[in-house]
Amino acid sequence: MDFQLTEDQEALRDGVRSFCEGRVSIDALRELEKTGFDRELWGELAEMGVFSLRQSEDAGGVGLGSADAVLVFEELGRCLAPGPVTWSHLAADLVDGAATGECVVGGIDLSRTNSDPLLIEHLEHIDALLVLRPDGIERIDPKALSGRAIERPLDPFTPVHEVAELPAGERLGDAEAAARFRLEGAALASGMLLGIAEASQELATDYAKKREQFGRPIGGFQALKHKLADCYTRQELARAAAYAAGATLDDPEVGDVLRAVSTAKVLTGDAAMENARACVQIHGGMGYTWEVPAHYYLKRIWVLENQFGTVGEHAERVAERIAVGD
Amino acid sequence: MDLRYSESDEAFRKELRSWLDSEVPAHGRPPSEHDWPARREYDTAWQRKLYEAGYAGINWPKEFGGRDASLTEQLVYYEEIARANAPYVGVNFVGLLHGGPTLMSEGTPEQREKHIGPIIRGEEVWCQGFSEPSAGSDLAALKTKAELDGDHYVVSGHKIWTSFAQVSDYCELLVRTNPEEKHRGITWLAMPMDLEGIEIRPLPTIVGSSEFSELFLENVRVPVSCRIGKENDGWRVTNVTLSFERGTAFASDIYQLQESLRELTRLAKVLTRDDAVAWEDRTLRRDVGHLAAELDGLWALVKYMVSEAGKTGVPGLTGSCVKLYYTELKQRLGDLSLRLLGRASLSRDDVGGMASETIVYEALQSLSMTIAGGTSQIQRNIISERVLGLPREPR
Ligand SMILES: Cc1cc2nc3c(=O)[nH]c(=O)nc-3n(C[C@H](O)[C@H](O)[C@H](O)COP(=O)(O)OP(=O)(O)OC[C@H]3O[C@@H](n4cnc5c(N)ncnc54)[C@H](O)[C@@H]3O)c2cc1C
């Protein structure tokens, strides 16, 4: 057993991080806030292998595993990479052109019954829409949908349309495929949430070192130090859980895959949410402004919280898993 | 990244499991929490069995009688010890986790010769005399003074919270040898507990037992040969000692909490609340699932930490994160269990066919864990200063 990154994994992570720092900086995001989706960036992400990462080499992909994918999505989370990256990655083998970035694939998860409105993310920018239902996966042509563009989406980088109903689509997979899709989606979303948990902790820590009140850096006040120590601790727990989920997907013999993935979604969801809130608080009045990116983190977390199962749903799933056999 | 144990790890697991399966039941139930001599006997007898079977000192070097197991074998060991519900290290805690390792790195050949074998064989029990009434978190403020008189230190002072003092043979005692210097005026002594001038007054805890005591020391003559390390160098030696305490000291306990959680689900399936089986309550299930996820995450973090130590050679600061999170999680699990027990929680005996005794005990005992071994606040200071680089507290 060696639960550390291999050299290859470190190189992979570092490569994606330096790309993101250069290309998906907060300043670049601010530009995107005005223009919407950036197809060029999408192409570059594709070129880096973000979508073809787990596709087999025979099929033209990179041939890596889920543990590697979690690392990459951690970086995409850190930089708040915009667009339906998870859906497009998961669609690599299902939809032609998804892996190469030529076909931008979005999706909606309807595998649990609820009365949520039908809000479709990135509708204007996608070429295919996947619908996850309890009994399978369907593909719909987004152009066939008409809906109302929501003027003020919660996350400025996740535009949404409200549509009245979804027509029947082309069936791409059965119930088992849908369940698998959702499981892997939850693991990748966990990776992103982990990245956001780290980024918001780091943003808050940096500010706490610089901002002075009462003649000294506010980071010297224990109320803040302890809040930040908790942020760090939650983030490390979330990291262990997210990495374990990836490693368990790759090698199901080392654990219960469902339990590992649900655990990751619960812990990364909590860590991200609490760290992002702490980040707003630690910035004081500045934290409540649009200018400080703390809110971008928080808003993206809400998007991810509602993808592939909420913290509550996954906690219930874990409870079901530990109660079997008793 | 590879979570799979090697074939030799699994072989070790198999061998250990079958040994535990026969020895744990044979060792019987622990004696009453009030009978300290019997508890010493029970704990040390178990230690002796571990030693004879080659499982004592799992991480100790072979030259000191340990097993020198690889890091992954240690993880397997902690998992199996917890799974088998094997006796707790108990009164051997201080010797095995602090005293022995400190001697290995700081003791003279004679001192090692004298103590290390007896500690690992369960013949010698140690306690830790660090804390004083006015030196707790601020340990370096300690006042117990030691003055050199020929080849003895004459020690006078007042120690507190000394666990297992009433059944110990030696005490790792911190004394002040230079009143002018705070940190650089402390010396580390291995004090025999049968010397003239030592008075032990047991202190009842909220659990109702007397796990710790006060030590009153009056002109106790401790031979200079009992000094570990140089005079006035005790603070450095102490930090060596404490680095053994965090790290993996809790590994088995963390794994064991899985069992407490399973007990809780079993309970929830038989208890009724508001005309329904408690387990039907989705909120409860989510709370339980949430705790289970946190426990799994914590165990994954232990694996991460162990792998990290394997790579870098030192236990990292992740140990503080594990201690902080684990101890608070254990308290939340205790709360949830008591709420579920309902009125049965008013009894410290098993009642109504439920394991109230253990549940109430664990819940009460968990309150000590965020205090002992460095409080949660002190762990947070450590993390915020040493990992995040925030300004230091005044010292
Ligand atoms: C079950 C148990 C067994 C023990 N066994 C031993 C033993 O065998 N040998 C031994 O030497 N000691 C032992 N101890 C003592 C233990 O190490 C101390 O209790 C602990 O270090 C805290 O010191 P204190 O009790 O004096 O609390 P204090 O230091 O007085 O702390 C009181 C409160 O103030 C907080 N506080 C203190 N300083 C700060 C700060 N800088 N910032 C923020 N908050 C702060 C603490 O977190 C705590 O909440 C044991 C304690 C327990 C509970």
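Residue numbers (the numbering used here), protein chains in the order written: chain A, 1 to 326; chain B, 1001 to 1395. Just so it is clear, CB atoms sit at the ideal spot from N, CA and C, and this is done for glycine as well. Remember, it's a predicted structure, so these values are computed and weren't measured experimentally.
Determine the extent of the alpha helix (DSSP H) in which residue i is found, giving its start and end residues.
| i | result |
| --- | --- |
| aspartate 354 of chain A | Since the first and last residues shown for chain A are 1 and 326, residue 354 of chain A lies out of range. |
| isoleucine 947 of chain B | No answer is possible for residue 947 of chain B: it lies beyond the span of chain B, which begins at 1001 and ends at 1395. |
| glycine 36 of chain A | From DSSP, glycine 36 of chain A is part of no alpha helix (DSSP H); its letter is neither H nor E. |
| leucine 1257 of chain B | 1251-1270 |
| glutamate 1335 of chain B | Contrary to the premise, residue 1335 of chain B reads as aspartate rather than glutamate in this sequence. It spans 1318-1341 - the alpha helix (DSSP H) in which aspartate 1335 of chain B sits, taken as one unbroken run. |
| alanine 175 of chain A | 175-210 |
| valine 131 of chain A | No alpha helix (DSSP H) holds valine 131 of chain A; the beta strand (DSSP E) holding it covers 128-133. |
| proline 1025 of chain B | 1007-1027 |
| leucine 1103 of chain B | 1100-1106 |
| isoleucine 1382 of chain B | 1376-1382 |
Here's the rule: buried if 16 or more other CB atoms are within 10 angstroms of the residue's CB, otherwise exposed. What is residue i?
| i | result |
| --- | --- |
| serine 1008 of chain B | exposed |
| proline 1101 of chain B | buried |
| isoleucine 1206 of chain B | exposed |
| glutamate 1259 of chain B | exposed |
| asparagine 1381 of chain B | buried |
| proline 142 of chain A | buried |
| leucine 1077 of chain B | A small fix is needed here, since residue 1077 of chain B is tyrosine in this sequence, not leucine. By the 10 Å Cβ count, tyrosine 1077 of chain B comes out buried. |
| serine 1213 of chain B | buried |
| alanine 168 of chain A | exposed |
| phenylalanine 214 of chain A | exposed |
| glutamate 138 of chain A | buried |
| histidine 1027 of chain B | exposed |
| isoleucine 26 of chain A | exposed |
| asparagine 114 of chain A | exposed |
| lysine 1159 of chain B | buried |
| serine 1396 of chain B | Residue 1396 of chain B lies beyond the residue range present for chain B, which begins at 1001 and ends at 1395; the question has no answer from this structure. |
For the beta strand (DSSP E) containing residue i, list its first residue and its last residue.
| i | result |
| --- | --- |
| threonine 1162 of chain B | 1152-1163 |
| arginine 234 of chain A | It is not in any beta strand (DSSP E) - arginine 234 of chain A instead sits in the alpha helix (DSSP H) that spans 222-250. |
| asparagine 1219 of chain B | 1212-1223 |
| alanine 1146 of chain B | 1145-1149 |
| glycine 1129 of chain B | 1126-1129 |
| valine 1175 of chain B | 1170-1176 |
| glycine 1057 of chain B | Where glycine 1057 of chain B is concerned, there is no enclosing beta strand (DSSP E), given that its DSSP letter is neither H nor E. |
| aspartate 109 of chain A | 105-109 |
| aspartate 270 of chain A | No beta strand (DSSP E) contains aspartate 270 of chain A, which is instead part of the alpha helix (DSSP H) from 257-282. |
| isoleucine 1120 of chain B | Taken as a continuous stretch (DSSP letters only), isoleucine 1120 of chain B belongs to no beta strand (DSSP E), being part of the alpha helix (DSSP H) at 1109-1120. |
Along chain B, in chain order, which residues have C-beta atoms closer than 7 Å to that of residue i?
| i | result |
| --- | --- |
| proline 217 of chain A | Pro1391 |
| threonine 233 of chain A | Cys1321, Leu1324, Tyr1325, Ile1383 |
Along chain B, which residues have their Cβ under 9 Å away from the Cβ of residue i?
| i | result |
| --- | --- |
| glutamate 176 of chain A | By Cβ distance, chain B contributes nothing, its closest Cβ being about 24 Å from glutamate 176 of chain A, past 9 Å. |
| serine 262 of chain A | Gly1289, Ala1293 |
Determine the chain A residues that contact residue i at a beta-carbon separation under 8 Å, and present them in chain order.
| i | result |
| --- | --- |
| methionine 1001 of chain B | Asp2, Phe3, Gln4, Leu5, Thr6, Gln9, Ala67, Tyr243, Gly246, Ala247 |
| serine 1209 of chain B | What serine 1209 of chain B touches in chain A: nothing, since even the nearest Cβ is about 31 Å away. |
| leucine 1261 of chain B | Ile322 |
List, in order along the chain, the chain A residues whose C-beta lies closer than 9 Å to that of residue i?
| i | result |
| --- | --- |
| valine 1277 of chain B | Result: empty, since nearest Cβ-Cβ is about 12 Å, beyond 9 Å. |
| phenylalanine 1335 of chain B | Before going on, a small fix: residue 1335 of chain B reads as aspartate here, not phenylalanine. Residues of chain A passing the Cβ test: none, with the nearest at roughly 17 Å. |
List, in chain order, every chain A residue whose beta-carbon is nearer than 7 Å to that of residue i.
| i | result |
| --- | --- |
| leucine 1301 of chain B | Glu236, Leu237, Ala240 |
| valine 1288 of chain B | Ala319 |
| arginine 1285 of chain B | Glu316, Ala319 |
| leucine 1298 of chain B | Leu237 |
| arginine 1282 of chain B | Glu316 |
| valine 1387 of chain B | Tyr232 |
| glutamate 1015 of chain B | Within chain A, no residue comes near glutamate 1015 of chain B; the closest Cβ sits about 18 Å away, beyond 7 Å. |
| tyrosine 1304 of chain B | Phe3, Ala240 |
Using a threshold of 7 Å, is the CB atom of residue i nearer than that to any non-hydrogen atom of ligand 3?
| i | result |
| --- | --- |
| isoleucine 1378 of chain B | For ligand 3, the structure offers nothing, since it holds only ligand 1. |
Under 8 Å, with one C-beta from each stretch per pair, do the segment 1334-1347 of chain B and the segment 1375-1394 of chain B reach the 3-pair mark? no
Between the segment 292-305 of chain A and the segment 195-203 of chain A, are three or more C-beta pairs nearer than 8 Å? yes
Could you tell me whether the segment 235-249 of chain A touches the segment 1301-1319 of chain B, where touching means 3 or more Cβ pairs closer than 8 Å? yes
Is the number of C-beta pairs between the segment 225-244 of chain A and the segment 174-194 of chain A that are closer than 8 Å three or more? yes
Is there contact here, the segment 1059-1076 of chain B with the segment 1030-1037 of chain B, by at least three beta-carbon pairs under 8 Å? no
Inspect the CB distances between the segment 1136-1147 of chain B and the segment 1083-1101 of chain B and report whether three or more fall short of 8 Å. no
Between the segment 1035-1054 of chain B and the segment 1080-1091 of chain B, do at least 3 Cβ pairs fall closer than 8 Å? yes
For the segment 278-296 of chain A against the segment 1251-1258 of chain B, do three or more pairs of beta-carbon atoms, one drawn from each stretch, fall closer than 8 Å, so that the two count as touching? no
Okay, do the segment 1180-1196 of chain B and the segment 1219-1237 of chain B touch, 3+ Cβ pairs below 8 Å being the bar? yes
Does the count of Cβ pairs from the segment 60-80 of chain A and the segment 2-12 of chain A closer than 8 Å reach three? yes
Any 3 or more C-beta pairs closer than 8 Å across the segment 158-177 of chain A and the segment 118-127 of chain A: yes
Would the segment 1319-1338 of chain B count as touching the segment 228-235 of chain A if we require 3 or more Cβ pairs under 8 Å? yes
Report yes or no: do three or more beta-carbon pairs, one from the segment 314-323 of chain A and one from the segment 1283-1293 of chain B, lie closer than 8 Å? yes
Cβ pair count under 8 Å reaching 3, the segment 66-84 of chain A against the segment 246-263 of chain A: yes
Check whether the segment 169-182 of chain A and the segment 1362-1370 of chain B touch, using three or more Cβ-Cβ pairs below 8 Å as the test. no
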